[in-house]
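Below you'll find the structure, written out as structure tokens, and then a few comments.
There are 2 protein chains.
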Amino acid sequence: MDEDGSARPQTAVTADDVARRAGVSRWTVNRAFKKDASISARSREKVLSAAAELGYVPDLLAASLASSRSRLVALLIDDFANPHKLVMLERLTRILQHAGWDTLLVNMLSEDDGRDALMNASQRRVDAAILIGIQFDDKVLAAALGARRVRKLIIFARSSQNAETISIAVDDVAAMTEITSHVIDRGYARPMFLAGPQTYSAHLLRKETFVAQWTARVGRAPEVISVETYDPARAFDRVHQVLAPRNGRGLPDVLVCENDALAIGAIDAVRHKLGLRVPEDIAVTGFDDVPLASSPNYRLTTYRQPLTAMANRIVEILNEDREPGNHCDFLGQIVSRDSA
Amino acid sequence: MDEDGSARPQTAVTADDVARRAGVSRWTVNRAFKKDASISARSREKVLSAAAELGYVPDLLAASLASSRSRLVALLIDDFANPHKLVMLERLTRILQHAGWDTLLVNMLSEDDGRDALMNASQRRVDAAILIGIQFDDKVLAAALGARRVRKLIIFARSSQNAETISIAVDDVAAMTEITSHVIDRGYARPMFLAGPQTYSAHLLRKETFVAQWTARVGRAPEVISVETYDPARAFDRVHQVLAPRNGRGLPDVLVCENDALAIGAIDAVRHKLGLRVPEDIAVTGFDDVPLASSPNYRLTTYRQPLTAMANRIVEILNEDREPGNHCDFLGQIVSRDSA
DNA sequence: GCGCAATTTGCACGCGCGTGCAAGATCATT
DNA sequence: AATGATCTTGCACGCGCGTGCAAATTGCGC
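Protein chains in written order, with my numbering: chain A, 2 to 341; chain B, 2 to 341.
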């Protein structure tokens, strides 16, 4: 919509060009683009229209270099098999963008230990790193924080005991207590817990809570099995492997899964490998409420995390100057469907 | 002017610091970090060890500013309901990272028309924008290319007729021809095609190809229905809505779906709303081979795109100086499972 | 109109590194 | 040992904008 006829399509138009055209100084131009800068309405108007004519937009790269603030966060993931990650990505990027933060997506699957990924992000001067994967061990955290290359390390949807990190997660104890009650109230008596990978730094308390609650209220400890990634296919294999030999004698009557990814694989195994019905023969519960959980195939009883509120908390933390308390717990809600 | 003046290990150590310690000039330091720079093995060694001691890493921000090359690409998505996107994200980021490119994830769901998203990316000086969504209409493309803010516009997994863009996609005609043959060979006679959103700029030729092929080979045109997003839930509703009234009289015997997201919703509807079996009563085919397609629940006959090769092509294009031909077709392979 | 305060504007300097070239060092050859 | 030829190193300048302050302008009451 704006070609002044001069043939220079490629030229990076800078604040100086706009300044010249608007008859002000370069600094006034940049002020016009700053939200709460001290500038008169008239000059801002002049500058903005001149900028529009020239097609100028401030260069965030140069701004970042000068201010050492990039409004860029790194999002580190190592868990692409879990469909919930797509939901998280959408929610996080949308809310961060809305608040003026851009997102650098870092795939940690290919890195040996995640160190490289963090290093990489730090070279871009990200203002924070958000971890939404699982394999973040203490070495990685220590490396990141020790080198002080990343100023804020936010662990999302998992709890961290590390005092240097900020973790934003649902209250696993409250959530799992609710699920335990749900299972007990429905009259299930022989539960088996299906857990995901057990990591140190970024923890989930679901297994511990379920085991403790069940033991306390029923009087005996539940069975527990686990898989090394949140992959439905892994859960499928594991459930088949564990339950098939016991088919006909002493099967559990409910599979309590650490999340929906595992629950979906578990349901498939129960139906298609054991030839049993869900929930009539074996009930299943999940966690996360992924889109597939509401499909008529699964009708999964699960627990929904308040992702929007949690993402908004990230924005608050990013906007704060000093690091706040290192832990935020949120409460979600159980979603009761047919699977349990 | 930072706060507490306490001993700060962070320091933002620069090339100058390393240079001083290594007894060379700053430029030699930066050369040590450049792959094919002219530098003697001895000085590189000196520099690297000095850098290691100080914890120095080159600042990509400053490098980008100075060289006007950021090795950063924007990945624009507006289609988070389609599980295939998670697969694409993983593959693309992994391969791009491996080749030294970082990825800025831009969520276009919240933008009015995508213009803002592109503008945003351009302010970060991305070297290219990769579109893997669907709603990119000509206005957006024109805006992006007209302003020349983005030097390379790559449309991934869709075809574009726009001469200014580069599109990397599977050969829809070849793929759909293969699927059509598969369907005909299996003896199906009353197909219905389930299409996704019809966009102008970034096109899929699947529907057109199937309709043309079927008509040519069987002698009559197949039915076609469509939904406005690649969301299994939408497909579920639509299939239910269209087929339920016809249950018992004149149902199709195969649903050919534009991709797996739609196919999965379609299967659920056939089973749980129509109470019919797949494939015995109605067969279903998809496209993409998402992880769920191999689950025992769906056993979906589908078509796998060579994502790795396609992603590698992106890397090639990014590394090239001048824009190459604007269209790359790839061949995938049909994956025959039980659903058709 | 005057004086003072509040607002608005301009500016020197620096953020950390790349580019292109020229000076310096090294090596093989005669 | 001298001469180029080759490899290696150093450097001035600029990328586009922020910061903090000083200078210029405006507003206001009288």
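Even for Gly, the Cβ is constructed at its ideal location relative to N, Cα and C.
Own chain partners of residue i with C-beta closer than 8 Å, once the 5 adjacent residues on each side are dropped
i	result
V25/B	S44, K47, V48
V212/B	F194, A222, P223, V225
Q11/A	Any reading at Q11/A needs caution, since the residue's pLDDT is 47, under 50, leaving its predicted position unreliable; the model's value is listed next. Hits under 8 Å: none found.
Proximity to residue i [Cα-Cα], best of the options
i	options	result
D269/B	E281/B, H241/B, Q124/B	H241/B
S111/B	R92/A, G197/A, A118/A	R92/A
I335/A	M311/A, I318/A, E321/A, V291/A	V291/A
E54/B	K86/B, S65/B, V14/B	V14/B
K86/A	L308/A, D339/A, N320/A	L308/A
D18/A	L105/A, D339/A, P59/A, L244/A	P59/A
W215/B	E281/B, H204/B, S182/B, R70/B	S182/B
C329/A	I40/A, P297/A, F157/A, R70/A	F157/A
V88/B	E179/B, D322/B, A294/B	A294/B
V219/B	R207/B, Y189/B, A42/B	Y189/B
N248/B	S161/B, R159/B, G276/B, D238/B	G276/B
Q306/A	E321/A, S68/A, R159/A	R159/A
K274/A	S296/B, G287/B, H273/B, E281/B	S296/B
D161/A	Q136/A, S69/A, S71/A	One detail in the question is off: residue 161/A reads as Ser in this sequence, not Asp. The option with the nearest alpha carbon to S161/A is Q136/A.
D322/B	R70/B, D238/B, S41/B, I180/B	R70/B
E179/A	G287/A, A164/A, N31/A	G287/A
Other residues of its chain near residue i: CB distance less than 7 Å, five sequence neighbours each side excluded
i	result
R9/B	Confidence at R9/B is low in this model, with a pLDDT of 35, below 50, so its placement is unreliable and the value that follows should be read with caution. Cβ neighbours of R9/B beyond the five flanking positions: none.
A176/B	Y304, G333
P253/A	R191, P192, M193, E224, I283
F34/B	P59
G134/B	L77, I78, D79, D80, M109
A100/A	V316
G6/B	Residue placement at G6/B is flagged as unreliable, the pLDDT there being 30, under the threshold of 50; a coordinate-derived value is accordingly withheld.
Under 7 Å from the C-beta of residue i: neighbouring residues of chain B
i	result
H204/A	The premise fails here: H204/A is roughly 24 Å from chain B at the closest Cβ pair, so nothing lies under 7 Å.
9 Å Cβ cutoff met for residue i and residue j
i	j	result
M120/A	D79/A	no
D128/A	L73/A	yes
D289/A	N260/A	yes
V228/B	P198/B	yes
S65/B	R126/B	yes
L132/B	L154/B	yes
A267/B	A236/B	yes
T94/B	A75/B	no
P84/A	P246/B	no
R338/B	Y299/B	yes
V271/A	L244/A	yes
D173/A	L142/A	no
Q124/B	L62/A	yes
A341/B	R187/B	yes
Y231/A	A82/A	yes
H207/A	A217/A	Going by the sequence as given, residue 207/A is Arg instead of His. No, the pair does not count as a contact, with Cβ atoms beyond the cut-off.
Spatial neighbours of residue i in its chain, beta-carbon cut-off 6 Å, leaving aside the 5 residues before and after
i	result
A23/A	K47, V48, A51
E4/B	Any answer about E4/B is weak, because its pLDDT of 33 lies below 50 and its placement is not dependable; what the coordinates show is given next. Contacts found: none.
Y57/A	V14, V19
P233/B	A262, I265, G266
R314/A	I169, C329
Within chain A, partners of residue i - CB distance below 9 Å
i	result
P84/B	P84, L87, P292, L293
F288/B	Chain A residues near F288/B: none, gap ~18 Å exceeds 9 Å.
Amino acids of chain B, ordered along the chain, whose beta-carbon sits closer than 8 Å to that of residue i
i	result
V58/A	M120, S123, Q124, R150
P233/A	P292, L293, S296
L110/A	E91, R95
F81/A	L87, V88, L90, E91
H273/A	P297, N298
Assumed close pair residue i, residue j - CB separation to whole angstroms, cut-off 8 Å
i	j	result
W102/A	L319/A	6 Å
L301/A	V316/A	30 Å between Cβ atoms; not a contact.
V257/B	V171/B	Not really, about 16 Å apart at Cβ, beyond 8 Å.
A16/B	V30/B	4 Å
8 Å Cβ cut-off: residues of chain A touching residue i
i	result
L106/B	L76, L90, T94, T104, L105, L106
A63/B	L66
D269/B	S296, P297, N298
S71/B	L62
Cβ-heavy atom distance, residue i to the ligand NAD, below 8 Å
i	result
H85/B	The model on display carries no ligand, and the ligand NAD is accordingly not part of it.
Per-residue contacts from residue i into chain A (C-beta, under 7 Å)
i	result
A263/B	Reading off the sequence, residue 263/B comes out as Leu, not Ala. Neighbours of L263/B on chain A: none; closest Cβ ~13 Å, over 7 Å.
Q98/B	N108, S111
9 Å Cβ cut-off: residues of chain B touching residue i
i	result
L154/A	In chain order: nothing, as chain B lies at least about 14 Å away.
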